[in-house]
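S.K.:
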Amino acid sequence: MGERYLFASGEPHSVLIDKRTLQAVPPMAPTAEDGAPLLPSATEVRKVQVDG
Numbered sequence: 598m599g600e601r602y603l604f605a606s607g608e609p610h611s612v613l614i615d616k617r618t619l620q621a622v623p624p625m626a627p628t629a630e631d632g633a634p635l636l637p638s639a640t641e642v643r644k645v646q647v648d649g
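Sequential numbering from 598 applies to the sequence shown in this note's numbering.
Structure, rendered in C-alpha cells:
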C-alpha cells in the first residue's frame, strides 16, 4: 500500500500480478490472529537487539 504515496495519480509503475488469474493483487493489509484488520495504532515494531 505504500506505493500510493510514491506515485502521482496515473503515473506508470510496476504492479504485482497473480499468475493464475492475470489480475492485479489487491492491496495487502496486516490482520490480527482472529483475522480482524490491524490499524497502525494497534501495532509496534520491536527492534532486534544485537549483542556486541
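No residue lacks a Cβ here, since even glycine has one placed at the ideal position from N, Cα and C. Model, not experiment: these values are computed from the prediction.
For a quick check, are the C-beta atoms of Ala-626 and Val-612 less than 8 Å apart?
M.R.: No. Outside cutoff.
S.K.: If you check the beta carbons only, do Thr-640 and Pro-634 fall under 8 Å apart?
M.R.: Cβ atoms of Thr-640 and Pro-634: not closer than 8 Å.
S.K.: Could you have a look at Ala-556 and say whether DSSP puts it in helix, strand or coil?
M.R.: Coverage of the chain is limited to positions 598 through 649, which leaves residue 556 absent and any answer about it impossible.
S.K.: Using the DSSP secondary-structure output, state which residues sit across from Ala-639 in a beta bridge.
M.R.: BP columns for Ala-639 are empty, so no partner.
S.K.: Rounded to the nearest angstrom, what separates Gly-652 and Gly-649 at their Cα positions?
M.R.: Summary: the structure shown does not reach residue 652, with the chain confined to residues 598 through 649, and so no result is reported for it.
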